[in-house]
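Colleague: Please find one structure pasted underneath; my questions will follow.
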Amino acid sequence: MGTPDFAKESLKSLVEANYDVIGVVTNPDKPKGRGMKMVASPVKEYAEGKGLKIYQPEKVRKNVEFIEEIKNLNPDVICVVAYGKILPKEILEIPRLGCINVHGSLLPKYRGAAPIQWAVLNGDKTTGITTMYMDEGMDTGDMILKQEVEIGENETTGELWDRLSKIGGELLVKTLKEIEKGTAPREKQGDNFTIAPMLSKEMAKIDWNKKTAQEIKNLVRGLNPIMGAYTFLNGKKIKFWKVDLAKEDEIMVENLDFLRNGVVLLSDSKDGLYIKAKSGIIKVLEIQGENAKRMSIQDYLRGNSIQEFDVFE
39 MGTPDFAKES LKSLVEANYD VIGVVTNPDK PKGRGMKMVA SPVKEYAEGK GLKIYQPEKV
99 RKNVEFIEEI KNLNPDVICV VAYGKILPKE ILEIPRLGCI NVHGSLLPKY RGAAPIQWAV
159 LNGDKTTGIT TMYMDEGMDT GDMILKQEVE IGENETTGEL WDRLSKIGGE LLVKTLKEIE
219 KGTAPREKQG DNFTIAPMLS KEMAKIDWNK KTAQEIKNLV RGLNPIMGAY TFLNGKKIKF
279 WKVDLAKEDE IMVENLDFLR NGVVLLSDSK DGLYIKAKSG IIKVLEIQGE NAKRMSIQDY
339 LRGNSIQEFD VFE
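Numbering (the numbering used here), first residue to last: 39 to 351.
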């Protein structure tokens, strides 16, 4: 049971490990793009290519017909990876070996919908994958296996997502082998947990008076490629897709503390764009103007005017 490309990697791992996948449950097709064409989930696309039986219920709670279909399949185990719906007790109790979840964090840290994104947004140095037995709570079940990974200093959510999706598939196969042998560990999570709620559009706006250069960098990394962090210049919306912290020898500014936050310290198509934050200076590397494409800051400044002492709102 899964929906995005993150879940597709787990399904692929199961197929390649020669497990007998007797059914694939994914979210219904959704309209996408300007033409609102119906698009299948990555999990459905992969499952169709392998000739697997696909189920796409609108809802799973109180869906008697769907629950009966799953009962009739009589699965040994149900693997759930970023499915997008909370499973009711009636489904959790169907497989004799339980429902297993692949989660994109080192539980009990970051229970919830966006664990990978929040690890980057918060500037964490490490994260990982946890497999667990599912219960009726939100990511509260007993843990089975974990694999820790380091987060790169400049790694984006998209890059970390891709890495963890492959690790998740590998760890799922290892977990199933342990379950088959009857040697799977089972560890309670305890009460020292944190929550990773869904991201909101409001959080994407850069607050130059509240965020340090490091926090702005983490925001930009954390929202790439989901929605991009944005700011305004002369009333126009500007998105940042890649930024870094300016090194001490890169730009020398006198009386920096007396300047407004968000002020442009240097703007040059060769040397780049430097902006004062609450603490520190950010160097913009990849930018997107209003109704324009993403591009390098050098390309952007060749065709667009940003002046020194302009202020990003």
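Think of the CB as a built atom: it goes at the ideal place given N, C-alpha and C, for glycine as much as any other residue.
Going by DSSP, what residues sit across from Tyr148 in a beta bridge?
Modeller: Answer is none; Tyr148 lacks a bridge partner.
Colleague: Which ranges would you report for the beta strand (DSSP E) in the segment 242–276 if only whole runs of at least 3 residues count?
Modeller: Listed in chain order, the complete beta strand (DSSP E) runs (minimum 3 residues) inside the segment 242–276 are 267–271.
Colleague: Taking Cβ to Cβ, would you say Cys117 is nearer than 9 Å to Ser203?
Modeller: Not in contact: Cys117 and Ser203 (Cβ atoms no closer than 9 Å).
Colleague: Terminal residues of the continuous beta strand (DSSP E) containing Ser48?
Modeller: Unbroken run through Ser48 is the alpha helix (DSSP H), Asp43 to Glu54; no beta strand (DSSP E).
Colleague: Tell me where the alpha helix (DSSP H) around Glu107 begins and ends.
Modeller: Val102 to Leu111 is the extent of the alpha helix (DSSP H) around Glu107.
Colleague: Kindly list the residues whose CB is nearer than 6 Å to the CB of Lys147, restricted to its own chain and excluding five residues on each side of it in sequence; keep chain order.
Modeller: Excluding positions up to five away in sequence, the list reads Thr232.
Colleague: Express the C-alpha separation of Lys321 and Ile335 in angstroms, rounding to a whole number.
Modeller: Using only the alpha carbons, I get a separation of about 10 Å.
Colleague: I'd like the list of long-range same chain contacts for Glu128, defined as Cβ closer than 6 Å, with 5 residues on each side in sequence excluded.
Modeller: The residues are Ile105.
Colleague: So Lys219 is in the alpha helix (DSSP H); what residue range does that whole segment cover?
Modeller: Here the alpha helix (DSSP H) through Lys219 covers Thr195 to Lys219.
Colleague: According to DSSP, Arg332 sits in a beta bridge with which residue or residues?
Modeller: DSSP output for Arg332 lists Gln326 as bridge partner(s).
Colleague: Let me know the secondary structure DSSP gives Gln185 once reduced to three states.
Modeller: Three-state result, Gln185: strand.
Colleague: So does the segment 264–283 actually touch the segment 315–330, counting three or more Cβ pairs closer than 8 Å?
Modeller: Contact between the segment 264–283 and the segment 315–330 is present, because at least three Cβ pairs lie under 8 Å.
Colleague: Going by Cα to Cα distance, which pick from Gly207, Gly166 and Glu131 is closest to Leu144?
Modeller: Taking only the C-alpha atoms, the option nearest Leu144 is Gly166.
Colleague: In whole angstroms, what separates the C-alpha of Lys316 from that of Pro42?
Modeller: One C-alpha to the other measures close to 37 Å.
Colleague: Kindly list the residues whose CB is nearer than 6 Å to the CB of Leu339, restricted to its own chain and excluding five residues on each side of it in sequence; keep chain order.
Modeller: Excluding residues within five positions, the ones whose Cβ falls inside 6 Å are Ser307.
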